[in-house]
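Okay, so here's the structure we're looking at.
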Amino acid sequence: MIQISKPFIGKEEIEAVTDVLKSGNIAQGQKVRELEEKFAKFCGTKYTIAVNSGTAALHTALNSVGIKPGDDVITTPFTFIATANSILMAGAKPVFADIEQDTFNINPEKIKDKITKKTKAIMTVDLYGQLCDYEEIGKIAEKNNLTVIEDACQAIGAEFNGKKAGSFGDIGVFSFYATKNITCGEGGAVVTNNRDYADKSKLFRQHGRSNMSTYDYISLGYNYRMTDIQAAMLLEQFKKINIITKKRIENAKYFSKELGKIKGITIPAIKKNNKHVFHQYTIKIEKDFKLSREELVNKLSEKGISTGVYYPKPLHLCTHFKKFGYKEGDFPVAEKLSKQVLSLPVHPNLSKEDLNCIVDAIRKI
Ligand SMILES: *Cc1c(COP(=O)(O)O)cnc(C)c1O
Numbered sequence: 070m071i072q073i074s075k076p077f078i079g080k081e082e083i084e085a086v087t088d089v090l091k092s093g094n095i096a097q098g099q100k101v102r103e104l105e106e107k108f109a110k111f112c113g114t115k116y117t118i119a120v121n122s123g124t125a126a127l128h129t130a131l132n133s134v135g136i137k138p139g140d141d142v143i144t145t146p147f148t149f150i151a152t153a154n155s156i157l158m159a160g161a162k163p164v165f166a167d168i169e170q171d172t173f174n175i176n177p178e179k180i181k182d183k184i185t186k187k188t189k190a191i192m193t194v195d196l197y198g199q200l201c202d203y204e205e206i207g208k209i210a211e212k213n214n215l216t217v218i219e220d221a222c223q224a225i226g227a228e229f230n231g232k233k234a235g236s237f238g239d240i241g242v243f244s245f246y247a248t249k250n251i252t253c254g255e256g257g258a259v260v261t262n263n264r265d266y267a268d269k270s271k272l273f274r275q276h277g278r279s280n281m282s283t284y285d286y287i288s289l290g291y292n293y294r295m296t297d298i299q300a301a302m303l304l305e306q307f308k309k310i311n312i313i314t315k316k317r318i319e320n321a322k323y324f325s326k327e328l329g330k331i332k333g334i335t336i337p338a339i340k341k342n343n344k345h346v347f348h349q350y351t352i353k354i355e356k357d358f359k360l361s362r363e364e365l366v367n368k369l370s371e372k373g374i375s376t377g378v379y380y381p382k383p384l385h386l387c388t389h390f391k392k393f394g395y396k397e398g399d400f401p402v403a404e405k406l407s408k409q410v411l412s413l414p415v416h417p418n419l420s421k422e423d424l425n426c427i428v429d430a431i432r433k434i
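Quick note: the sequence shown uses the working numbering, first residue 70, plus one each step.
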């Protein structure tokens, strides 16, 4: 079976975790600090606050920039549910704006239509590993005095003009869940250049506990701490990030070269001056393809190739968000793409034979 995702783990991770277990210091400590320093340097931001999931990181980011009940946050309906749920966790309302055909990312023009007096922030998502159009989004945010929160959970290492994912918003968010490009099982991080946001994030991570005096709590917080077990594993993953990203890009390049020739398949678009890190390699199945997407999924599965549909239902059509009055037809691009997208395995564990097997299977179909 060729899996849709598989963590890239070697003996280095196993040894690093074992060392932490033997040390007896297993909760948040020196390893987390070390990770935060390395990660901030990598992203080109001043501060990193490690937490225990991407969802926790989103919640922390929203709180730190001051999102509160009564606020609106504009985001994409074509994302993982955590993006929009975190807005609800902060007591605010997710206001969806439709996406672009070619990149699957939020469409800046559609953001403009949704801005009202209640709008406080834009939560962008760098879907599948490619950055949003931050030149346009930045202009809109500045003009309307909005904060940009960048959900870069799928885009670690992605670049535009050499600038790294996570650094485009006022605050950026990462996830280290098992399927992400680098992982520690569950984990997350907030990155920012803003000292105030960084301080607030640290408080939020630990019950609002002050750094200054040992047992003074100055605001509401949660237990969102990362452990040294997770951080030790991540530090090893981090050493491999360039290999992991390079492999993903190479695999994607090979797919695009081969699959681009097949009628009815649209290969992923890479925007100018962008480094797409291919968290997902996502093709579109067009009308003139021989099979429906579901038939293709089944055929590939019969041949031992697992695929993924991210996402089969845009968020505004999920029961949970329909309560806000959204309905079919509200975001036609997201709705259409949700019926066309198919993600193929692109992870660094794939061998040349695996890649050929996937291409051959689709070609024969
Ligand atoms: C994975 C992911 C998250 C949430 O991360 P968890 O670590 O699973 O909580 C949020 N947003 C996007 C776009 C993601 O892909």
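Each residue gets a CB set at the ideal place from its N, CA and C atoms; glycine is no exception.
Query raised in the report: Between residue 246 and ligand 1, is the CB less than 6 Å from at least one heavy atom?
Result: For residue 246, the shortest separation between its Cβ and any heavy atom of ligand 1 lies below 6 Å.
Query raised in the report: What residue does the beta strand (DSSP E) around residue 224 start on, and which one ends it?
Result: Here residue 224 belongs to no beta strand (DSSP E), and DSSP marks it neither H nor E.
Query raised in the report: Which class does residue 286 belong to by DSSP, given the choice of helix, strand or coil?
Result: Correct three-state label for residue 286: strand.
Query - C-beta atoms of residue 143 and residue 177 nearer than 7 Å - result: The answer is no: Cβ separation not under 7 Å.
Requested in this report: Could you check how far apart the C-beta atoms of residue 382 and residue 262 are, in whole angstroms? I think they sit under 8 Å.
Outcome: 36 Å between Cβ atoms; not a contact.
Report task. With a threshold of 6 Å, establish whether the CB of residue 31 neighbours any heavy atom of ligand 1. Result -> Nothing about residue 31 can be reported from this structure: the residues present for the chain run from 70 to 434 only.
**Report entry** Near ligand 2: residue 222 beta-carbon under 6 Å from a heavy atom
**Finding:** Looking at this structure, you won't find ligand 2 anywhere; what it does contain is ligand 1.
Query - Buried/exposed call for residue 270, threshold 16 Cβ in 10 Å - result: By the 10 Å Cβ count, residue 270 comes out buried.
Query raised in the report: Quick check: the stretch 237-246 against the stretch 213-228, are there 3 or more CB pairs under 8 Å?
Result: These segments touch.
Query raised in the report: Residues bridged to residue 106 by DSSP?
Result: Residue 106 pairs with nothing; no bridge assigned.
**Report entry** Where residue 200 falls: helix, strand or coil (DSSP)
**Finding:** It is coil, neither helix nor strand.
Query raised in the report: Is the CB-CB distance between residue 322 and residue 335 below 7 Å?
Result: Cβ atoms of residue 322 and residue 335: not closer than 7 Å.
Query raised in the report: Where does residue 122 fall in DSSP's three states?
Result: Coil, per DSSP.
Query raised in the report: What residue from 202, 246 and 252 has the CA that sits closest to residue 230's CA?
Result: Of 202, 246 and 252, the residue nearest in Cα terms is 202.
Query raised in the report: What distance in whole Å lies between the Cβ atoms of residue 161 and residue 182, which are believed to be in contact at a cut-off of 8 Å?
Result: About 19 Å separates the Cβ atoms of residue 182 and residue 161, ruling out a contact at the 8 Å cut-off.
Query - Same chain only: Cβ atoms within 8 Å of residue 325, ignoring 5 sequence neighbours per side - result: 336 and 337.
Query - Element boundaries [alpha helix (DSSP H), containing residue 302] - result: Where residue 302 is concerned, the enclosing alpha helix (DSSP H) stretches over 297-308.
Query raised in the report: Skipping 5 residues on each side, what residues in its chain have a beta carbon closer than 7 Å to that of residue 97?
Result: Excluding residues up to 5 positions away in sequence, 294, 295, 296 and 297 lie with their Cβ nearer than 7 Å to the Cβ of residue 97 in the same chain.
Query raised in the report: Considering only the beta carbon of each residue, do residue 227 and residue 195 sit closer than 7 Å?
Result: Against a cut-off of 7 Å, the Cβ pair of residue 195 and residue 227 comes out as a contact.
Requested in this report: Measure how close the beta-carbons of residue 301 and residue 86 come, nearest whole angstrom, since I'm counting them as under 8 Å.
Outcome: The Cβ separation is near 6 Å, so the contact holds.
Query raised in the report: So, using beta-carbon positions, are residue 198 and residue 378 closer together than 7 Å?
Result: 7 Å or more divides the Cβ of residue 198 from the Cβ of residue 378.
Query - Under the three-state DSSP convention, the category residue 241 falls into - result: Look at residue 241 here: in three-state DSSP terms it is strand.
Query raised in the report: Exposed or buried, residue 71, counting other C-beta atoms within 10 Å across all chains shown (16 or more means buried)?
Result: Result: buried.
Query raised in the report: Helix, strand or coil: which one does DSSP assign to residue 134?
Result: Per DSSP, reduced to three states, the secondary structure at residue 134 is coil, with no helix or strand assignment.
Requested in this report: Look up residue 260 in the DSSP assignment and give the residues it is bridged to.
Outcome: Per DSSP, 117 and 241.
**Report entry** Complete beta strand (DSSP E) runs within the stretch 132-179 (minimum length 3 residues, chain order)
**Finding:** Correct list: 141-144 and 162-165.
Query raised in the report: Per the contact definition of three or more C-beta pairs closer than 8 Å, is the stretch 311-322 in contact with the stretch 408-419?
Result: Under the Cβ criterion (8 Å, minimum of three pairs), the stretch 408-419 counts as touching the stretch 311-322.
Query raised in the report: Looking at the structure shown, is residue 393 part of a helix, part of a strand, or coil, going by DSSP?
Result: In this structure, residue 393 counts as coil in the three-state DSSP scheme.
Query raised in the report: Measuring CA to CA, which of 357, 83 and 289 is closest to residue 275?
Result: Closest option to residue 275, Cα to Cα, is 289.
Query - Element boundaries [alpha helix (DSSP H), containing residue 87] - result: According to the DSSP assignment, residue 87 belongs to the alpha helix (DSSP H) that extends over 80-92.
Query raised in the report: With DSSP run on the structure shown, which of helix, strand or coil describes residue 278?
Result: Under the three-state reduction of DSSP output, residue 278 falls in the strand class.
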